[in-house]
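Worksheet for the structure shown next.
Residue numbers (our numbering), protein chains in the order written: chain A, 270 to 566; chain B, 71 to 418.
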């Protein structure tokens, strides 16, 4: 029994790695994009959700979300607190199940494959769909350099040129110039904004094709927020980004697409999803218009 | 255009007058307490301490009430309570240390750590023997118990905090109940389950195993409390980077809890290092140096103290017992100081 299961897992693992390099039938778009971005992460064909619901215990918190995140785009999720945005992005990399009472329904397709399919190796999913949290959370026992490379250690990935990787991740996260002379210091010695960029660099080191950001700037000052927005714009060239934000201007500045979530006391629903310019200039739904113009929420 | 820089000051600190007033209240309290003992039914040291306590309360309250009002007066009451609590805590500790040092130094001599009692009785002159065998026995048995208990205790704590499986509640209950097991029960358990049916001989290892029973619950509970303090964000960050639960625990959680785990070790050792009852039952209490825990009787410091007190009766025997306590106490302090130093050091 156990042997069998082991084999299945191995098999799956292999498939996962090949699909990381994108299956031939689906790769045309992605490879075109990667060609233009030599040396960057393979984009894949993006992420889509079909009829995703979520529960905590008996409480239905998210209802029927179907949303496409095209490869190489930035999608902002906006909506008032408690509408299920964070819960939704946590279903995308299977962090939702980390909460003991959590349950879900629906499909989350990464390169066309359901990440919740039986036999899927959840750690592989999280390697491909990285996450940056609301509160900066560098590992306290590690130095700045060790923090950036911690993903390799955790996922047991062998890399020979770690120095190069360290520099490129910190550069892409916009932190290299500030920390290059003190990589041996502890992450806790950095300011809040620097810590958050360190966390971004850390998630880049395992080369995810999708990066989820759960209100990454909510604890930061305007200057750090600006730096992180620059970072997002830079990263969007090589990966798919989903960002939850309470800051409407930020959504307008950084995203290509915007989805508006709302809960009327029941489970959170997606009211409207469209190109960002459209959401902010001519929203289809009255509630979206009220929200983006600041009339409630 | 020279700018004058003011001298740095600390206006929030008590001024000279404040200090003088505090001292005045203290002196007045002592005087009042003395008068109370002199002119009322209260007498003796205890009477003085009790009346000093109430004098301090009343005078402090009165003084700060007229000076700053009711809130400040209540604040000063709390201060009196905390200071008294500290004093009451320190009195027994300093008293114990002072007694052990003053009586124990008579039993010290140059060979105390190197000689054993193989050729000396407890009543012989001090220089005739030493407690080397007992110290070595204690180190071996406590070390052995630690080697077994630490992994088991930490793994138990990890089950309770990280895996949180279906048995979490019963196991937590069991661990708490086990930390109340009387030490003699642990000794009897090893005696009846291992010594009589299996080994048929007393040895240091049996002592280690008995101590293990006492040590595991302490380490498991302390480690659990330390692991609960690790913020959940770190677990999520580790898992979100593609780490398995085991890799996250080994690479992130345990290093973050390092100083807490050292505390668990310290408390675990503190729980068992002075245990006498189980060692009386299962170690055979040897008087000669024995480096082999699996065979032969093994001495230990608590056993050495117990034996010197009970089987001697001469001043030499008592001096031996107190010297044993002094060595045990010093050993514990050195151990804990070392552990604190090691856990406080920065990584890298």
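We treat Cβ as the ideally placed atom computed from N, Cα and C, and that holds for glycine.
Remember, predicted model here, so these are calculated numbers, not experimental data.
Residue i: contacting residues in chain B (beta-carbon distance under 7 Å)
| i | result |
| --- | --- |
| residue 422 of chain A | 321 |
| residue 400 of chain A | 310 |
| residue 524 of chain A | Within 7 Å Cβ-Cβ: nothing; residue 524 of chain A doesn't reach chain B, min ~22 Å. |
Helix, strand or coil at residue i [DSSP, three-state]
| i | result |
| --- | --- |
| residue 229 of chain B | helix |
| residue 354 of chain B | strand |
| residue 403 of chain B | helix |
| residue 512 of chain A | strand |
| residue 186 of chain B | coil |
| residue 450 of chain A | coil |
| residue 483 of chain A | strand |
| residue 356 of chain A | helix |
| residue 390 of chain A | coil |
| residue 382 of chain A | strand |
| residue 302 of chain A | Caution is warranted here: a pLDDT of 37 is assigned to residue 302 of chain A, below 50, making its placement in the model unreliable, and the coordinate value is therefore given only provisionally. DSSP places residue 302 of chain A in helix when its eight states are reduced to three. |
| residue 27 of chain B | There is simply no residue 27 of chain B to check, as chain B begins at 71 and stops at 418 in what is shown. |
| residue 531 of chain A | strand |
| residue 192 of chain B | coil |
| residue 87 of chain B | helix |
| residue 140 of chain B | helix |
| residue 31 of chain B | The first residue shown for chain B is 71 and the last is 418, placing residue 31 of chain B beyond what the model contains. |
| residue 271 of chain B | coil |
| residue 475 of chain A | coil |
| residue 105 of chain B | helix |
| residue 172 of chain B | helix |
| residue 518 of chain A | helix |
| residue 425 of chain A | coil |
| residue 82 of chain B | coil |
| residue 551 of chain A | coil |
| residue 432 of chain A | helix |
| residue 444 of chain A | coil |
| residue 559 of chain A | helix |
| residue 350 of chain A | coil |
| residue 162 of chain B | helix |
| residue 407 of chain A | coil |
Beta-ladder partner(s) of residue i, from DSSP
| i | result |
| --- | --- |
| residue 526 of chain A | A:344 and A:544 |
| residue 537 of chain A | A:331 |
| residue 376 of chain A | A:319 |
| residue 151 of chain B | None; residue 151 of chain B has no bridge partner. |
| residue 371 of chain A | A:325 |
| residue 338 of chain A | A:316 |
| residue 455 of chain A | A:412 |
| residue 401 of chain A | A:482 |
Per-residue contacts from residue i into chain A (C-beta, under 7 Å)
| i | result |
| --- | --- |
| residue 325 of chain B | 410 |
| residue 308 of chain B | 423 |
Chain B residues whose Cβ lies nearer than 8 Å to that of residue i
| i | result |
| --- | --- |
| residue 396 of chain A | 311 and 312 |
| residue 425 of chain A | 317 |
| residue 494 of chain A | Near residue 494 of chain A there are no residues of chain B at all, since even the closest Cβ is about 20 Å away, more than 8 Å. |
| residue 404 of chain A | 303 |
| residue 437 of chain A | None at all; the shortest Cβ gap to chain B is about 17 Å. |
| residue 431 of chain A | Within chain B, no residue comes near residue 431 of chain A; the closest Cβ sits about 15 Å away, beyond 8 Å. |
Closer than 8 Å at the beta carbon, the chain A residues around residue i
| i | result |
| --- | --- |
| residue 328 of chain B | 410 |
Chain-ordered neighbours of residue i on chain B, where CB pairs are closer than 9 Å
| i | result |
| --- | --- |
| residue 582 of chain A | Chain A is shown from 270 up to 566; residue 582 of chain A falls before or after that span and cannot be answered. |
| residue 419 of chain A | 307, 308, 311, 313, 321 and 322 |
Contact with chain D by residue i, beta-carbon distance below 8 Å
| i | result |
| --- | --- |
| residue 487 of chain A | Absent here is chain D; the protein component of the structure consists of chains A and B. |
Exercise. Give, in chain order, every unbroken run of the beta strand (DSSP E) that is at least 3 residues long and sits entirely within the region 281-369 of chain B.
Key: Listed in chain order, there is nothing to give.
Self-check item: Chain-ordered residues of the region 459-473 of chain A with a beta carbon less than 8 Å from chain B
Solution: When CB distances to chain B are screened at a threshold of 8 Å, the residues of the region 459-473 of chain A falling below it are 468, 471 and 472, in chain order.
Exercise. Determine which residues of the region 340-373 of chain A have a Cβ less than 8 Å from any Cβ of chain B, and write them out in chain order.
Key: Using a CB distance below 8 Å, the part of the region 340-373 of chain A facing chain B consists of 362, 364, 367 and 369, ordered along the chain.
Quiz item: Of all the residues that make up the region 294-305 of chain B, which are near chain A by a beta-carbon distance shorter than 7 Å?
Solution: Listed in sequence order: 303 and 304.
Quiz item: In chain order, which beta strand (DSSP E) runs of at least 3 residues are fully inside the region 217-263 of chain B?
Solution: With a minimum length of 3 residues, there is no unbroken run of beta strand (DSSP E) contained wholly in the region 217-263 of chain B.
Exercise. Select from the region 375-395 of chain A all residues with a C-beta closer than 8 Å to any C-beta belonging to chain B, and list them in chain order.
Key: Look at the region 375-395 of chain A: the residues with a C-beta under 8 Å from a C-beta of chain B are 392, 393 and 395.
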